[in-house]
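First residue of the sequence shown? That's 1051 in the working numbering, and the numbers climb one at a time after it.
Here a beta-carbon is modelled for each residue, glycine too, at the ideal position from N, C-alpha and C.
All of these numbers come straight from a predicted model, not from anything done at the bench.
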Amino acid sequence: MKIRADHEKLQYSGRIDWSDPQIPVFVYPCTSLGMRFTGEQLKVRVRNRNEYWDNYLGCIIDGKQVTLPVNKEGETLLEIPVEETADGVHDMLLFKRQDSCHEIAILELEIGDEDSVLDMPPKSGRKIEVYGDSVSAGEVSEAVDYVGKVDPEHNGQYSNSWYSYAWITARKLNAQIHDIAQGGIALMDNTGWFHEPEAVGMETAWNKIHYNTVLAEPMAWDFSLYTPQVVIVAIGQNDSHPTDYMKDDYDGEQAETWRAHYKEFLGNLRSTYPEAHIICITTLLGHDKAWDDSIGAVVEEMKDDRISQYLFKRNGKGTPGHLRIPEAEEMAEELASYINTLHVEGWE
């Protein structure tokens, strides 16, 4: 039995392009499709657009995670292994493991002709949103043989948003997540690694669904569709590329310009989410503390009791490479504990 991607009992999460109501397009990591169904057959047909790396989707079926390679371009029919259960009922979560190195459209699903799609449990009312880079996206997180080490050679196969500190934190808090995270991105355009030499910054991407112009025309996001109570801003690590001006000249013109732009970015978030708690962080990934000092200075300038900075116990010192699963878990444990101290309204 074919199931349209807009079936009323399917449950989606994430910043999704619904321009075609029957073909949702996943752009950001942690974007997901949940389904509860009967039977022992499940197929999903998808269409991919690729810019770089090999691409994979993640799937958790009855608590077991599998990795699903997809063709770089065009359609792929994914056959998801389903094992027998006592009651014949299955829970599936299909999700985007990677950032906008690719965009993927969900075309249709298929179960057995005599089987049924069942109601999903309601979503949590707790909502968080993360603005970050590769660490927030879970890039290279599965390379667990390289804990505390530089990255191995890879082509996308180790990247998994499920193991990002962002999504682990959300699960610890029983919260929904929108993970606005892109590998290599910095705050401002023309800095960072994403799309050098004409680098795109979070200032450009933050309010978009599509921001990778190689894959699609830029498209604005409708912020009325999702209102988080907690917003995490994890920007300030790729900004040292191509030059670490914050380390070299903390009071120089470039450093002052960055702080002004960071302040403006926080102001934009505050205007968008007047009641949200905004938490400014960097990560365990090695970087000069001048960036954290600058973030702290801007937070102080904001004079907003719902904008704060959190520094991890091993902030900027935990690893020279991307966070692996144990390091992401370490960050998530600290961050979730910190969020719990904020007494977020409606989270009791």
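Cross-strand partners of residue i (DSSP beta bridge)
{"i": "Arg1409", "result": "Limits of the chain in this structure are 1051 at one end and 1398 at the other, which puts residue 1409 out of reach."}
{"i": "Phe1362", "result": "None; Phe1362 has no bridge partner."}
{"i": "Val1429", "result": "As displayed, the chain neither begins before 1051 nor continues past 1398, which places residue 1429 out of reach and without an answer."}
{"i": "Glu1160", "result": "Lys1052 and Lys1093"}
{"i": "Asp1067", "result": "Val1075"}
{"i": "Ala1266", "result": "Answer is none; Ala1266 lacks a bridge partner."}
{"i": "Leu1168", "result": "Arg1086"}
{"i": "Leu1335", "result": "Thr1369"}
{"i": "Tyr1357", "result": "Reading the sequence as shown, one finds Ile at residue 1357 and not Tyr. Paired residue(s): Ile1328."}
Start and end residues, beta strand (DSSP E) containing residue i
{"i": "Phe1244", "result": "Phe1244 -> no beta strand (DSSP E), and no H or E assigned at all."}
{"i": "Pro1119", "result": "Lys1114 to Val1120"}
{"i": "Lys1367", "result": "Segment: none, Lys1367 is in no beta strand (DSSP E) and carries neither H nor E."}
{"i": "Leu1107", "result": "Asn1105 to Ile1111"}
{"i": "Met1142", "result": "Val1139 to Lys1146"}
{"i": "Met1085", "result": "Ser1082 to Thr1088"}
{"i": "Tyr1062", "result": "Gln1061 to Ser1063"}
{"i": "His1291", "result": "Careful: His1291 lies outside any beta strand (DSSP E) and carries neither H nor E."}
{"i": "His1260", "result": "Lys1258 to His1260"}
Beta-carbon proximity check, residue i vs residue j, cutoff 9 Å
{"i": "Ala1284", "j": "Ala1340", "result": "no"}
{"i": "Gly1198", "j": "Pro1324", "result": "no"}
{"i": "Leu1237", "j": "Asp1299", "result": "no"}
{"i": "Leu1319", "j": "Ile1331", "result": "no"}
{"i": "Gly1084", "j": "Leu1144", "result": "yes"}
{"i": "His1140", "j": "Ile1178", "result": "no"}
{"i": "Gly1124", "j": "Thr1117", "result": "no"}
{"i": "Glu1189", "j": "His1372", "result": "yes"}
{"i": "Lys1114", "j": "Glu1133", "result": "yes"}
{"i": "Gln1226", "j": "Ser1184", "result": "no"}
{"i": "Asp1104", "j": "Pro1119", "result": "yes"}
{"i": "Glu1160", "j": "Met1051", "result": "yes"}
{"i": "Asn1257", "j": "Trp1271", "result": "yes"}
{"i": "Phe1362", "j": "Glu1379", "result": "no"}
{"i": "Ile1375", "j": "Ser1191", "result": "yes"}
{"i": "Gly1396", "j": "Arg1221", "result": "no"}
{"i": "Leu1334", "j": "Gly1366", "result": "yes"}
{"i": "Asn1098", "j": "Thr1135", "result": "no"}
{"i": "Ala1326", "j": "Pro1268", "result": "no"}
{"i": "Thr1219", "j": "Met1352", "result": "no"}
{"i": "Asn1205", "j": "Arg1147", "result": "no"}
{"i": "Ala1187", "j": "Ala1216", "result": "yes"}
{"i": "Ser1214", "j": "Gly1089", "result": "no"}
{"i": "Cys1080", "j": "Trp1243", "result": "no"}
{"i": "Leu1168", "j": "Lys1093", "result": "no"}
{"i": "Val1180", "j": "Val1281", "result": "yes"}
{"i": "Gln1091", "j": "Gly1182", "result": "no"}
{"i": "Ser1063", "j": "Ser1082", "result": "yes"}
{"i": "Arg1086", "j": "Met1142", "result": "yes"}
{"i": "Ile1230", "j": "Ala1266", "result": "no"}
Cutoff 9 Å: residue i Cβ touching any chain B Cβ
{"i": "His1245", "result": "Given the protein chain composition of this structure (a single chain), no chain B is represented."}
Extent of the continuous alpha helix (DSSP H) run through residue i
{"i": "Phe1315", "result": "Glu1303 to Thr1322"}
{"i": "Asp1343", "result": "Lys1339 to Met1352"}
{"i": "Asp1298", "result": "Tyr1295 to Asp1298"}
{"i": "Ile1389", "result": "Ile1375 to Asn1390"}
{"i": "Thr1254", "result": "Met1252 to Ala1255"}
Give, in chain order, every unbroken run of the beta strand (DSSP E) that is at least 3 residues long and sits entirely within the region 1172–1232. 1177–1182 and 1226–1231
Cβ contact check for the region 1193–1212 and the region 1167–1175: 3 or more pairs under 8 Å: no
Can you confirm whether the region 1065–1077 touches the region 1149–1157 when touching is taken to mean that 3 or more C-beta pairs between the two stretches lie within less than 8 Å?
yes
- Query: Looking at C-beta atoms only, is the number of pairs between the region 1337–1352 and the region 1307–1319 that lie closer than 8 Å three or more?
  - Reply: yes
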